[in-house]
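K.L.:
There's a structure below that I have some questions on.
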Amino acid sequence: MKTVTDPVKVDEFLSRAVEVAYPSKDFIRAKMLRGERLSMYLGIDPTGPTLHLGHAIILKKLADFQALGHQAILLIGDFTAMIGDPTDKMALRKKLTKKEVLTNAKFYKKQASTFLKFSGANKAKLVYNSKWLSRMKFAEVLELASKVTVDQMLKRDMFEKRMQESKPLYIHEIMYPLLQGYDSVAMNVDGEIGGNDQTFNMLMGRDLSKTILNKEKFVISTKLLVDPSGKKMGKTEGNMVSLNQSAQEMFGKILSWTDELILPAFELCTNVSIVKIAEMKKMLEAGANPKDLKVRLAKEIVAMYHGASAADEAEQNFTNTFKKGELPEDVKEVVVEKGAALADILLREKIVESKGELRRLIEANAVTEIENNAAIGDFNYKIERAISLRIGKKRFIKITVR
RNA sequence: GCGCAGGUGGUGGAGUGGUCAAUCACAAGAGACUGUAAAUCUCUCGCCUUCGGGCUUCGGGGGUUCAAAUCCCUCCCUGCGCACCA
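Residues 19 to 420 in our numbering are what the first sequence spells out, letter by letter.
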């Protein structure tokens, strides 16, 4: 397999969405230009059933790497997921069971296939780290642990912070970077890619590769999609876009993102060229309505996962729903007996969490009938005829009578 | 093992016998304004309610009291200090 050595393409790979590279970009560039076929992995712990847009950024980078003719490896951290990566978590994460982890992992390959090719020439490898981690003997673990000092490990800011705040920090949590680092050794890879929140762990793998294999593993850390307050997307509830969401959900969520995210998102989440993104930046500076670009962004992203026509539909649907106040296409529909109490239906359909919540919503005039845009003011409202309702901004239901 | 400090709502963190469903901040939801947003303003934010009130909550269990998140006992958990270390 010949690799791509076109300097322009190599440079694009090494710059777009990349935050830092270790030991340096030049080090990696030199190898790539020389035509060396490299292997690089991305590790994801299967802690939830879906991948989100944040994962997509690095998956895309890994796919770019594959497209350049190199060996891409997707590592499912089924073993490490059970320990829980302490990244960003002030409290320790609940440990997942083997079963949960495997169920989650199952969905990952499918979702990752949007980017990575797992068949054909130069196919990506899919590996699980339980393959080696679960088989390690305690003596081997100790041997591994002897490569790193406590102080080196505690340099990780999250650990430091917890110590300072007198919060519990467990041994198995301190061990986490070691295990992740060992993945690099076990796979004997040339490099690793991950979000910059993974830098510490990735560098641990780099250190271990050097110590144990005498190998100079490179590390590429990518930019994260963060909101202006610095929070990772997905952290703030509601704005996380899962890769398996419907076109309409995706579209709506992206449009509700804050404007500051438009340009970074274009760079990180789409294939729109750097040149075009620079043009957009100028447009914004010249006073263009950010909304138009955001719509373009949303369509661009939706199209990646659902196709261009679905993206157009999503836009149309969004306009109808939120601009014209019509019912969305994927509205929940229920059939009820004549005279049924609205409160019971909404509670049963989990549109509201409690009757108290509905009471508040009705008092705030948040429950309106779509057809005539009239607020339902009566908590004891009974369903006598087919009716479509909007509750707040985002909740809809279509009720018909039997 | 001993001593000290703690364990409160999605989070941080008040409250140390009654006026506590529990100050406040953040997060969240709704309304207004908008561009779908952001910012801003207003409201809400345990569950049920015939809107009078009722019910269940402050690590678990037990107790004292007319009355406990608040006092006592006990168990579990965390942090810190001390001791132990053949």
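We put the beta carbon where it would ideally sit given N, CA and C, even for glycine.
1. Does the region 319-337 come close enough to the region 361-371 to have 3 or more Cβ pairs within less than 8 Å?
2. For the beta strand (DSSP E) containing ILE94, list its first residue and its last residue.
3. In the structure shown, what three-state DSSP assignment does LEU187 receive?
4. Looking at the strands, I want to know which residues DSSP matches up with GLY212.
5. In whole angstroms, what separates the C-alpha of LEU345 from that of ILE75?
6. How long is the line joining the alpha carbons of GLN435 and VAL145, rounded to whole angstroms?
7. What did DSSP end up calling MET258 once you bin it into helix, strand or coil?
8. Can you round the beta-carbon distance between ASN219 and GLY199 to whole angstroms, since I take them to be within the 8 Å contact cut?
9. List the endpoints of the continuous alpha helix (DSSP H) containing GLY270.
10. How many whole angstroms separate the CB atoms of LYS20 and GLY87, which I take to be in contact at a CB cut-off of 8 Å?
11. Rounded C-beta distance between GLU387 and ILE394? I'm assuming under 8 Å.
12. Per DSSP, what are the beta-bridge partners of HIS70 in this structure?
13. Measuring only the C-alpha atoms, how far is SER57 from VAL290?
14. For TYR200, write down the residues that DSSP places opposite it in a beta bridge.
15. Using 8 Å as the threshold, is the C-beta distance between ALA142 and ALA90 below it?
16. Using only the alpha-carbon positions, how far apart do LYS165 and LEU231 sit?
17. Enumerate in chain order the residues of its own chain whose CB-to-CB distance from GLU37 is below 7 Å, with the five nearest sequence positions on each side excluded.
18. Going straight from the alpha carbon of ALA39 to that of ASN338, what length do you get?
19. From THR418 to TYR399, what distance separates their C-alpha atoms?
20. Where does ARG377 land, buried or exposed, given buried means 16+ other C-beta within 10 angstroms?
21. For a quick check, are the C-beta atoms of ASN147 and GLY66 less than 8 Å apart?
22. Give the straight-line distance between the Cα atoms of TRP150 and SER202, rounded to the nearest whole angstrom.
23. Of the choices LYS411, TRP275, PRO195, whose alpha-carbon is the least far from that of ASP225?
24. Please go through the same chain and pick out, in chain order, the residues whose beta-carbon is closer than 6 Å to the beta-carbon of MET298, but skip the five residues on each side of it.
25. Since I believe MET258 is in contact with ILE319 (beta carbons under 8 Å), could you give me their beta-carbon distance rounded to a whole number of angstroms?
26. Look at the alpha carbon of MET301 and the alpha carbon of LEU379, and state the distance between them as a whole number of angstroms.
27. By the three-class DSSP mapping on this structure, what secondary structure does SER33 have?
28. Please specify which runs of the alpha helix (DSSP H), each continuous and at least 4 residues long, are wholly inside the region 116-178, giving them in chain order.
29. Return the CA-CA distance between ASN335 and ALA35, expressed in angstroms with no decimal places.
P.N.:
Put simply:
1. no
2. 89-94
3. coil
4. SER239
5. 33 Å
6. For residue 435 there is no data in the structure shown, the boundaries of the chain being 19 and 420.
7. coil
8. 7 Å
9. 265-273
10. 6 Å
11. 6 Å
12. SER260
13. 26 Å
14. None; TYR200 has no bridge partner.
15. yes
16. 12 Å
17. ASN214, SER239, THR240, LYS241
18. 45 Å
19. 15 Å
20. exposed
21. no
22. 11 Å
23. PRO195
24. LEU311
25. The pair is not a contact, with the Cβ atoms about 13 Å apart (cut-off 8 Å).
26. 40 Å
27. helix
28. 116-130, 148-151, 156-163, 168-172
29. 31 Å
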